[in-house]
Each structure stands twice: as structure tokens, then as C-alpha cells.
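Q:
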């Protein structure tokens, strides 16, 4: 299905004048939100962390997070207003008219309830059909998402499924009652490219087959470029650009959209990624006038004086209706006309500027540098289950070696074994030629300082009882790098390097977003001034601007300090921009390894070709495919 507007299809979801505030009389989280989504259409909500994407997604279910409330607006589903409905009526319509697919299905599924029972519970709660019809529907919806519908699978528990299978179960539950509207909140974050491609293909096919309107919340603009029909760009609680995906991405009319696109890596060329200077303002601290003016390359003095309206580019007219009363429906036909709306007084000038990307010189050198890390014949296991088989790998001085592969391929086991966090391995791991003890506790203080590890999950990596300032300061004092006023200065310098404002210094991790926590973890690792930095999927929770800034920072540190990196990721586009060499891991074995350009441009292994084909931004797809997701074996977390 092509990602184009759906023409005259009637809207299944109409949002107008939506405003969500903190408390009573508090600042707005989102305001003046209006859009339609037609039958079979996919609308992507994109923007930096804190822009209001998830707030809109939950409001579509007449729900808000604790401390927030819907202050104004209307959400009309299939012709009926939802926000004005009584609580009991709203609960009945959730699931049957509007369904939700969460970011982390493992956290949303009951760990002690079998998969079949959990899907059946959706039907039971809504009293849908007879018991026999409910059992039949469970099997039918599992088949629709390409999962086994046999008794053995129905009896599995969530922990016995892979990440891709869990996400398909969540999609099956969402489609169980044939809703008219589907809300997807970052449904593929953390999934490898092949699993992501299968999951998104399933969603797209089901939406088209059953004429379901979908609102897709994401920070992955590369996926939006292939998956969505239209895109709404969010900044500081407002939609700043809205229109057909092709028109918005090819000729963005808002400076913020341009800046986001400049931060997107490409799998076909090594772009120099550019993060957006500064950070998005939080509710209550948003500037007057255009909310983006203090970060905008196109800003003029009047931009700080008056906030522009969302208008048609080229025509200057506001959309037809921005109703603020519950029950009032929007009458805008912008979606049907394929118009682009932008909240910028210079939109036509911005749109006329060509999008340009800086391409870096090809990564890699003819002569390999002196090795910092040498891995030979590494074999690792969990209990009696082998994970890695005879791994040979080198990371040279000032090199960034990326390790890529599907979930369950052994990437994290490899990085954890090198970092001393997994000790059940044989073979040799040497640092500057000296063998490393298997466990981090057995390694010297100097080695622990020299080899730093940044974890994939920042929620578990930070001490919840410490403030951000204390977390970053601790390694400075522990390794004798700075004390007193000098340590305080270094903490602020490190926070600034990872694009965190001084306002987070006295906050604890539970007050931060996932992306902010990951930046704290990176700042803590950099505080140690390491020689080797092991990064385990560190950018998977970051929006494209912060990701670009982190990549630029790591590149700068590599150039200025001679930092070496082992970079575990499933993002092949990011590998193109960052890595000098890449190792492709499949089923615990390296199937291909070499300079980044060689591996990505001329892959020799069928497995590598399939990973590239599943990566957004690659038009071609090979005829052969990997094993079906439904047949994949369960894998443990982090393996």
C-alpha cells in the first residue's frame, strides 16, 4: 500500500480543539490539536521527547496520565463524541471502537496468565458472542497476525515469547473486537529491523483489510517514511506541520521538521548527523511567540512576539474548523485535498529551500590500527544453552566497531562478556594484549575505569535514590578524577555534552523520560574518561535529534581522545554514520565482518542482505526471506 492520502474516505477519527493541562489552571501539555484520520489511513505523530505525542495518543482513549486532565476539545470516533461520554460508556468504547497497542507489551501483559486466556479476556469483558464464538475469534485473530493458533501456543506465558511475538500478541488483542481506530504508541521501539518490518507490515495490512484508522506515535522518521500516509509533527504541545508524508518529508514547510529530517541517518550514505541545538521547553516554560523561535535557524524578531496559526502553506488560510467545545466536529477538508498545514509565518520560504545533507568521507582505513580489544574463540552460554560460538573480533585504537543482528543473535551476550557482566564463557578477551578476567569484580580499578559499559535499559541502570548530579559525580570522585568545585564543574559540562539542561541536576531518575535517563547513563560513562566504551543499544530510546547529538558527541570524543567503541545496535542506518567496521552476528556466529562501506554496499551473506532489505530507506527487497516470525524460538532478555 502506498503512503498517500486516502482521498475522500470518511474520517473514522476526528480531533478538534484538544487541550490537555496539568492540574487545574496549570500549563497546557498539548493545545489546539486538530486532525482527521480516515478509514484505512495511518497518521504518524512525530517529534522530540516531551512534545506531547503520547498525551494525544492517550487522549484518543479519553484518558490522561496522573496529574493531567483534558480541559477542552472533542474526539469523535465513527461519528460519536468520546470525551463527553460517561465514564462507563467510555470504558465500553475502549477496545470495541478504539484500541491501544503499547510500547512495551511485556509490561502490559499479565505475566501469570496464558496468552490465549489474555486474548479471550478482551472478548469476555465486552460480552462479545457465545463462548464457542469467542474461542474461534481468539484463533482467528492469532492467525491474522501470523502467530500459531494451536493449543500449545495458546498455553504459553508471556516470558516464553520473543519480543516480536509479544508485540504481535498485543496487536492481536487490539484487533480482537474489530475497532474503528487503532492507537500505536512506539510499538517497535527496541525491536530489530527484521522483526520491526514484520510487525509494521502486519499492522498496515490489517488496517487496510478492515478499514481501520491508525494513529502511530513514533520517533523513528525513517519508518514513518515507508509506513504512514500522513504525518503530524509535534513541538512543545502543538502540531507545527501536518500533511501527506511525501510532501512533508520532501519539502518541509516548518523549520523544526527540516531540523528533524537533518538528524535522520541513512543506510545508503554516511551522513553527518546534526542535532537540534538546545532542548524542547517543558510545560510552563514555553517561550512567547513561536515556541520554536529560540532554536530556529530561520527566526526573525517578530517570531518571538506572536505565535503563528496552523495555516495552509501557500494560501495562508487557517483550517476550516478548530472547535473547542465537546461534541463539535471539525469540518476541515485539508486531508482530502492533500494540503500541508504549517505553524510558521515563513512557511513558504522554508519550504522553497532544498533539503541538503552533508556526506562524510568513507569510514575505515587501509591499515588496521593497533588493537585495543582482541577477542579470540569466545564461546558463551547460559547454563547448558550455548549462545556464542567461536567469536573472533578486534577493536582498534580510535575505531568504532558495530555489532548488528536480530534479537537473539547474541549481540548483548557478546558485549556483556567483554564488559565482565557475563562470566560463563571460554576463549580469550584481551585489553591492550593483556587477558581480561571474566568478571568485572575480578578486574583492577584501572581496568574498570578504562572499560565503560552503557546499558540498553536506562530504567535499571541508574540508582533511583540518587540525583542526576550525584550519579554523574560519583565516578569522578571514585576514580580520583575531580573533587569539590572541579567535580561540580565537570558534572555540568558532561550534562551539557549530552544535551541535558542544568534543571535536571537535582532530579532523580523517576522524574526523567527514557531518553533523558539514557543521556544521564552516557554522561556517567564519559565521566570516567574511558579508553573503550561499550554501547548496548544506547540510542533505541532516543528521538532522532538527541540520537544525532549523541552520535556527534561520540564521534568528537573518538577524534579528540582516541576513544574506541564497541557499538551494539539494530539500526543499520546509524551504523553507516558512526562505525568504521561492522560485524554481523547470526545465531551466535559472525557471518560477515569488514569495513562498514564494504558490508553495507556489497554484503556477501544472505543474512546481511535480508537485514538491509528490512531497514527503512532501502527500496529493494530480496526474494528470499528469513524464517517467519511465528516460528522464531523464544529468547531471553539481553541475549
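Residue numbers (this note's numbering): 34 to 672.
Idealized CB from N, CA, C, for every residue including glycine.
Computed from a prediction, not measured in an experiment: that's the story for all the values here.
For residue 529, is the classification buried or exposed, using 16 other Cβ atoms within 10 angstroms of its Cβ as the cut-off for buried?
A: Within the chain shown, the letter at position 496 stands for residue 529. Exposed is the call here.
Q: Starting from residue 516, trace the alpha helix (DSSP H) both ways and give me its first and last residue.
A: To locate residue 516, count along the chain shown from 1; it is residue 483. Per DSSP, residue 516 belongs to no alpha helix (DSSP H) and is neither H nor E.
Q: Once the 5 residues before and after residue 201 are set aside, which same chain residues still bring their CB inside 6 Å of it?
A: Reading the chain shown from its first residue, position 168 is the one you call residue 201. These residues qualify, in order along the chain: 178, 180.
Q: Look up residue 327 in the DSSP assignment and say whether it is helix, strand or coil.
A: Walking along the chain shown from the start, residue 327 turns up at place 294. It is helical.
Q: Excluding the 5 residues preceding and the 5 following residue 305 in the sequence, name in chain order all residues of the same chain whose CB lies nearer than 6 Å to its CB.
A: Numbered from its first residue, the chain shown carries residue 305 at position 272. Correct list, in chain order: 391, 393.
Q: What does a CB cutoff of less than 8 Å around residue 541 pick up in its chain, not counting 5 residues either side in sequence?
A: For the purposes of this step, residue 541 is taken as the residue at position 508 of the chain shown. Taken in chain order, the residues that qualify are 497, 498, 499, 500, 501.
Q: Using C-beta distances below 8 Å, list every residue in its chain close to residue 546, excluding the 5 sequence neighbours before and after it, in chain order.
A: Residue 546 sits at position 513 when you count from the first residue of the chain shown. The residues are 82, 83.
Q: Helix, strand or coil for residue 44? Go by DSSP, reduced to three states.
A: Looking up residue 44 in the chain shown gives position 11. Residue state, collapsed to three classes: strand.
Q: Taking only the alpha-carbon atoms, compute the straight-line gap between residue 196 and residue 624 and give it to the nearest angstrom.
A: Looking up residue 196 in the chain shown gives position 163. Looking up residue 624 in the chain shown gives position 591. About 23 Å.
Q: Based on DSSP bridge pairs, tell me the residues matched to residue 218.
A: What you label residue 218 is simply residue 185 of the chain shown in a count that begins at 1. For residue 218, which the question treats as bridged, DSSP gives the partners 250.
Q: For residue 532, count neighbouring Cβ atoms within 10 angstroms of its own Cβ and tell me buried if that reaches 16, exposed if not.
A: Against the chain shown, residue 532 aligns to sequence position 499. Flag for residue 532 reads buried.
Q: Pull the bridge partners of residue 419 from the DSSP assignment, please.
A: Position 386 of the chain shown, counted from the first residue, corresponds to residue 419. Per DSSP, 414.
Q: What distance in whole Å lies between the Cβ atoms of residue 297 and residue 281, which are believed to be in contact at a cut-off of 8 Å?
A: By one-based count along the chain shown, residue 281 stands at place 248. By one-based count along the chain shown, residue 297 stands at place 264. Contact flag wrong, Cβ pair sits at about 13 Å.
Q: Whole angstroms are fine: how far does the CA of residue 605 sit from the CA of residue 226?
A: Reading the chain shown from its first residue, position 193 is the one you call residue 226. Reading the chain shown from its first residue, position 572 is the one you call residue 605. Rounded to whole angstroms, residue 226 to residue 605 spans 8 Å at the Cα level.
Q: Specify whether the region 301 to 315 and the region 564 to 582 touch according to this definition: at least 3 beta carbon pairs, one from each stretch, less than 8 Å apart.
A: By the Cβ criterion, the region 301 to 315 is in contact with the region 564 to 582, since at least three pairs of Cβ atoms, one from each stretch, lie closer than 8 Å.
Q: Alpha carbon to alpha carbon, what distance is there between residue 240 and residue 284?
A: Along the chain shown, one-based indexing puts residue 284 at 251. Along the chain shown, one-based indexing puts residue 240 at 207. Their backbone Cα atoms lie some 27 Å apart in a straight line.
Q: Bridge partners for residue 68 per DSSP, in chain order?
A: Here the question's residue 68 lines up with position 35 in the chain shown. Residue 68 pairs with 48.
Q: If you drop the 5 nearest sequence neighbours on each side, which residues of the same chain put their C-beta closer than 7 Å to that of residue 322?
A: Taking the first residue of the chain shown as position 1, residue 322 is located at position 289. Within the same chain, residue 322 has close Cβ partners 336, 337, 338, 339, 340.
Q: Do you know how far the Cα of residue 509 is from the Cα of residue 563?
A: Within the chain shown, numbered from 1, the residue matching residue 563 stands at position 530. Within the chain shown, numbered from 1, the residue matching residue 509 stands at position 476. Near 12 Å, if we compare the C-alpha coordinates of residue 509 and residue 563.
Q: DSSP state of residue 390, grouped into three classes?
A: For the purposes of this step, residue 390 is taken as residue 357 along the chain shown, with counting starting at 1. Looking at residue 390 - three-state DSSP - the assignment turns out to be coil, as it is neither helix nor strand.
Q: Check the DSSP bridge columns for residue 459 and list the partner residues they point to.
A: On the chain shown, position 426 is the one that residue 459 refers to. 412.
Q: Pick out the complete alpha helix (DSSP H) segments inside the region 489 to 563, 4 residues or longer, and give them in chain order.
A: 491 to 494, 501 to 511, 517 to 530, 547 to 560
Q: Check the C-beta distance from residue 257 over to residue 291 and give it rounded, since I have them as a contact under 8 Å.
A: Indexing the chain shown from 1 puts residue 257 at position 224. Indexing the chain shown from 1 puts residue 291 at position 258. For residue 257 against residue 291, the beta-carbon gap comes to about 15 Å, at or over 8 Å, which does not count as contact.
Q: Would DSSP call residue 239 helix, strand or coil?
A: The residue you call residue 239 lines up with position 206 of the chain shown. Residue state, collapsed to three classes: helix.
Q: Just mark residue 163 as buried or exposed, buried being the case when its beta carbon has 16 or more other beta carbons within 10 Å.
A: For the purposes of this step, residue 163 is identified with residue 130 of the chain shown, where counting begins at 1. Exposed, because fewer than 16 other Cβ atoms sit within 10 Å of the Cβ of residue 163.
Q: In whole angstroms, what is the alpha-carbon distance linking residue 389 and residue 118?
A: Working through the chain shown from its first residue, we reach residue 389 at position 356. Working through the chain shown from its first residue, we reach residue 118 at position 85. Roughly 48 Å between the two C-alpha positions.
Q: Taking 7 Å as the cut-off, is the CB of residue 506 close to at least one heavy atom of the ligand SAH?
A: Looking at this structure, you won't find the ligand SAH or any other ligand, since it has none at all.
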